[in-house]
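**Q** Just passing along the structure, written as structure tokens.
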Amino acid sequence: MLMQDIIQSYLDDLIPLRRDLHKHPELGFEETRTSAIIAEHLEGLGLEVQRGLGKTGVVGVLKEGSSERTIALRADMDALPIKEENDFAYRSVNDGKMHACGHDGHVVMLLGAARYLAETRNFNGTAYFIFQPAEEGGGGAKAMIEDGLLEKFPAQTIFGMHNRSGLEEGKFSTRTGNIMASTDNFHITITGRGGHAAMPHTSIDPVVIASQAVTGLQTVVSRNIKPTDNAVVSVTCFNAGTTYNVIPNTAVLKGCIRTQTSEVKEQVRTGIDRVLSGICTAHGAKYEFTFLPGYPVTVNTKEETQTAVAAAVQVVGPENVDPDTQPLMASEDFSYYLEKIPGCYIFIGNGAGEGGPVSHRSDYDFNDGIIHLGVEYWARLVENQLPAKR
Ligand SMILES: [Zn+2]
Ligand SMILES: [Zn+2]
Numbered sequence: 209m210l211m212q213d214i215i216q217s218y219l220d221d222l223i224p225l226r227r228d229l230h231k232h233p234e235l236g237f238e239e240t241r242t243s244a245i246i247a248e249h250l251e252g253l254g255l256e257v258q259r260g261l262g263k264t265g266v267v268g269v270l271k272e273g274s275s276e277r278t279i280a281l282r283a284d285m286d287a288l289p290i291k292e293e294n295d296f297a298y299r300s301v302n303d304g305k306m307h308a309c310g311h312d313g314h315v316v317m318l319l320g321a322a323r324y325l326a327e328t329r330n331f332n333g334t335a336y337f338i339f340q341p342a343e344e345g346g347g348g349a350k351a352m353i354e355d356g357l358l359e360k361f362p363a364q365t366i367f368g369m370h371n372r373s374g375l376e377e378g379k380f381s382t383r384t385g386n387i388m389a390s391t392d393n394f395h396i397t398i399t400g401r402g403g404h405a406a407m408p409h410t411s412i413d414p415v416v417i418a419s420q421a422v423t424g425l426q427t428v429v430s431r432n433i434k435p436t437d438n439a440v441v442s443v444t445c446f447n448a449g450t451t452y453n454v455i456p457n458t459a460v461l462k463g464c465i466r467t468q469t470s471e472v473k474e475q476v477r478t479g480i481d482r483v484l485s486g487i488c489t490a491h492g493a494k495y496e497f498t499f500l501p502g503y504p505v506t507v508n509t510k511e512e513t514q515t516a517v518a519a520a521v522q523v524v525g526p527e528n529v530d531p532d533t534q535p536l537m538a539s540e541d542f543s544y545y546l547e548k549i550p551g552c553y554i555f556i557g558n559g560a561g562e563g564g565p566v567s568h569r570s571d572y573d574f575n576d577g578i579i580h581l582g583v584e585y586w587a588r589l590v591e592n593q594l595p596a597k598r
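Sequential numbering from 209 applies to the sequence shown in the working numbering.
Rendered as structure tokens:
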């Protein structure tokens with residue numbers, strides 16, 4: 209029987225499971241129901257299963273033959289704090305929580321691959337199936353690594369896959385090197401001197417100074433960063449004052465920074481500090497600038513990217529695989545694994561952009577029509593990387 213036919217025969221199980229997960233979304237590090245379902249599935253397939261790694265993470269181990277070769281495949285499990293606005297039968301029953309990034313689909317694609325490989329066993333080596341909590345800002349990958357993931361399950365390479373809104377169904381894309389940005393946050397407090405709104409000359413007005421800072425920060429990227437480098441600085445929060453007739457003591461600005469290399473990140477960091485220093489000095493105010501490091505840059509290694517592209521080509525043909533896509537300014541905690549071991553993060557098309565579902569939106573839904581492609585990609589990857597003895 210062909211691999212594709214075997215995988216097709218799983219869809220009657222995988223699609224209802226995907227919709228069940230969609231209906232019961234859980235936020236980062238709270239994925240107890242989801243991880244219990246995953247663990248039971250893996251145990252049912254005969255895999256050795258470790259629960260509770262990185263709080264709610266699950267790892268399944270599938271060993272065949274005598275080869276020392278190992279590979280890890282990773283899916284994320286968490287949902288987002290969004291109120292779902294879809295009206296289909298399997299919409300979220302957990303108010304204010306929603307699978308708006310397709311991690312429900314990621315889980316079933318990896319479970320489908322575990323089933324295929326457990327049933328067919330056409331490989332030689334060990335495959336680790338990693339189901340990770342809290343990708344959406346919680347750093348579940350870091351939590352699993354700190355909990356000993358890579359020592360307990362010593363994978364030589366690791367692979368990740370994410371659905372991509374706007375990439376057509378039946379297509380894959382990836383690239384060697386940086387594919388996703390790093391994300392860092394900042395917190396700025398500007399301290400002036402409060403006073404009566406009718407006597408501004410007796411105060412140092414932090415509202416006016418912070419307003420200039422917001423405008424000044426727009427030049428960090430546009431005037432200081434080389435145009436061919438990628439960077440974003442967004443001020444997303446501006447809090448000051450409480451009422452009409454009082455100039456407050458302080459103003460607080462918060463925001464985020466996205467960059468594709470650590471050098472550019474450092475240029476942005478020092479640029480923000482320089483702008484704040486200049487503006488605050490000009491007005492006699494003080495400032496405190498706190499840089500809050502987040503996910504690192506996601507960097508695919510060359511050999512593993514070639515491996516991933518080859519597997520995707522087997523699934524959808526060379527014309528449907530882009531091996532050199534543009535890096536995104538979004539970020540991924542898969543980066544933490546890639547800091548430790550070689551691997552590749554690939555995108556699978558979730559459907560056309562125009563009028564189609566957009567991730568992190570309240571009307572998003574994972575496309576069940578791509579499940580079989582994701583399962584086949586994972587299965588090919590393992591069979592290629594851990595070749596069976598002939
Ligand atoms: Zn997301
Ligand atoms: Zn996601």
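Heads up, the beta-carbon is just placed ideally off N, CA and C, and yes, glycines get one too. Bear in mind the structure is a predicted one, so any value in this text is a computation, not a measurement.
Thinking just about the alpha-carbon of each residue, which of Asp303, Leu594, Thr444 is nearest to the one in Leu235?
**A** Of the candidates Asp303, Leu594, Thr444, the one whose C-alpha sits nearest the C-alpha of Leu235 is Asp303.
**Q** Could you say which of Leu219, Thr444, Pro504 lies nearest to Ser390 if we only look at CA atoms?
**A** It is Pro504 whose Cα lies nearest to the Cα of Ser390.
**Q** Looking at Cys309 and ligand 1, is the gap between the Cβ and the nearest heavy atom below 6 Å?
**A** Answer for Cys309: yes, Cβ within range of ligand 1.
**Q** Could you give the uninterrupted runs of the beta strand (DSSP E) lying entirely in the region 313-362, keeping only those of 3 residues or more?
**A** Listed in chain order, they are 333-340.
**Q** When we look at the beta-carbon of Gln475 and count the other beta-carbons within 10 Å, is it buried (16 or more) or exposed?
**A** Flag for Gln475 reads buried.
**Q** Taking the C-alpha atoms as reference points, what is the distance between Gln258 and Ala244?
**A** So the two alpha carbons sit approximately 11 Å from each other.
**Q** Give me, in chain order, the residues of the same chain whose beta-carbon lies closer than 7 Å to that of Glu591; leave out the 5 immediate sequence neighbours on both sides.
**A** Correct list, in chain order: Asn330, Phe331.
**Q** Are the beta-carbon atoms of Val583 and Met211 separated by less than 7 Å?
**A** No.
**Q** With the cut-off set at 7 Å, would you say Asp392 and Ala342 are in Cβ contact?
**A** Not closer than 7 Å, so no.
**Q** Taking DSSP's pairing of strands, which residues face Met306 in a bridge?
**A** Paired residues: Leu288.
**Q** Just confirm the distance between the C-beta atoms of Asn371 and Ile578, as a whole number of angstroms; I'd bet it's less than 8 Å.
**A** Sure, about 7 Å apart at Cβ, within 8 Å.
**Q** Contact check, Gly479 vs Asn508 under 8 Å by CB: the rounded distance?
**A** About 28 Å separates the two Cβ atoms, so there is no contact after all.
**Q** Taking the beta carbon of Phe296 as the centre, do at least 16 other beta carbons fall within 10 Å, making it buried, or is it exposed?
**A** It counts as exposed.
**Q** Between Leu270, Ala439, Gly262, which lies nearest to Gly252 when the distance is taken from Cα to Cα?
**A** Checked all of Leu270, Ala439, Gly262; the closest Cα to Gly252 is Leu270.
**Q** How long is the line joining the alpha carbons of Ile417 and Val428, rounded to whole angstroms?
**A** If I take the Cα positions, the gap works out to 17 Å.
**Q** Pop quiz: Glu511 and Pro550 are said to be a contact at Cβ under 8 Å. What is the actual Cβ separation, rounded to whole angstroms?
**A** Contact holds; Cβ gap of about 7 Å.
**Q** Does the beta carbon of Glu292 fall short of 6 Å from some heavy atom of ligand 1?
**A** Not so, every heavy atom of ligand 1 lies at least 6 Å from the Cβ.
**Q** Applying the criterion that 16 or more other CB atoms from any shown protein chain within 10 Å of the CB defines a buried residue, is Asn558 buried or exposed?
**A** By the neighbour-count rule (16 or more Cβ atoms within 10 Å), Asn558 is buried.
**Q** Tell me, please, which residues DSSP counts as bridged to Val257.
**A** According to DSSP, Val257 bridges with Gly268.
**Q** Which word fits Asp573, buried or exposed, when buried means at least 16 other C-beta atoms lie within 10 angstroms of its C-beta?
**A** Buried, by the Cβ-count rule.
**Q** Between Ala363 and the rest of its own chain, which residues show a CB-CB distance below 8 Å, the 5 nearest in sequence each way excluded?
**A** The answer, listed in chain order, is Thr278, Ile279, Ala280, Tyr336, Ile549.
**Q** Taking Thr436 as the reference, give the member of Thr469, Met407, Ser419 with the closest Cα.
**A** Among Thr469, Met407, Ser419, the Cα nearest to that of Thr436 is on Thr469.
**Q** Tell me whether the beta-carbon of Phe339 lies closer than 7 Å to the beta-carbon of Ala283.
**A** Going by C-beta atoms, Phe339 is nearer than 7 Å to Ala283.
**Q** Of all the options Thr242, Arg241, Glu293, Cys552, which has the alpha carbon lying nearest to the alpha carbon of Pro565?
**A** The option with the nearest alpha carbon to Pro565 is Glu293.
**Q** Would you kindly check if the distance between the Cβ of Leu581 and the Cβ of Val523 is under 7 Å?
**A** Yes, the Cβ-Cβ distance between Val523 and Leu581 is below 7 Å.
**Q** So, Leu261 versus Asp355, is the Cβ gap smaller than 7 Å?
**A** In this structure, Asp355 lies closer than 7 Å to Leu261 by Cβ.
**Q** For His404, which beta-bridge partners are listed by DSSP?
**A** According to DSSP, His404 bridges with Val454.
**Q** Under 6 Å from any heavy atom of ligand 1, does the C-beta of Glu344 make it?
**A** Checking the Cβ of Glu344 against ligand 1 gives yes.
**Q** Using a Cβ-Cβ cutoff of less than 6 Å, which residues in the same chain neighbour Asp481 once the five nearest sequence positions on both sides are dropped?
**A** Once the five neighbours on either side are set aside, the close Cβ partners of Asp481 are Phe497.
**Q** If you scan the region 501-568 from start to end, which runs of the alpha helix (DSSP H) of 4 or more residues do you find wholly inside it?
**A** Counting whole runs of 4 or more residues, the region 501-568 contains the alpha helix (DSSP H) stretches 510-524, 543-546.
**Q** Compute the Euclidean distance between the alpha carbons of His395 and Gly310, then round it to the nearest angstrom.
**A** Approximately 30 Å between the Cα atoms of the pair.
**Q** Whose CA, out of Val440, Glu239, Pro233, Val266, lies closest to the CA of Val301?
**A** Cα-wise, what sits closest to Val301 is Pro233.
**Q** From Leu250, Lys305, Leu461, Lys597, pick the residue whose C-alpha is nearest to that of Gly268; which is it?
**A** Of the candidates Leu250, Lys305, Leu461, Lys597, the one whose C-alpha sits nearest the C-alpha of Gly268 is Leu250.
**Q** If you draw a straight line from the alpha carbon of Leu425 to that of His409, how long is it in whole angstroms?
**A** Whole-angstrom Cα-Cα distance: 26 Å.
**Q** Can you check whether the CB of Tyr495 is closer than 7 Å to the CB of Ile353?
**A** Cβ distance not < 7 Å, so Ile353 and Tyr495 don't count as in contact.
**Q** Can you tell which of Met537, Arg241, Thr334 has the C-alpha that lies nearest to the C-alpha of Val441?
**A** The shortest C-alpha separation from Val441 is found at Met537.
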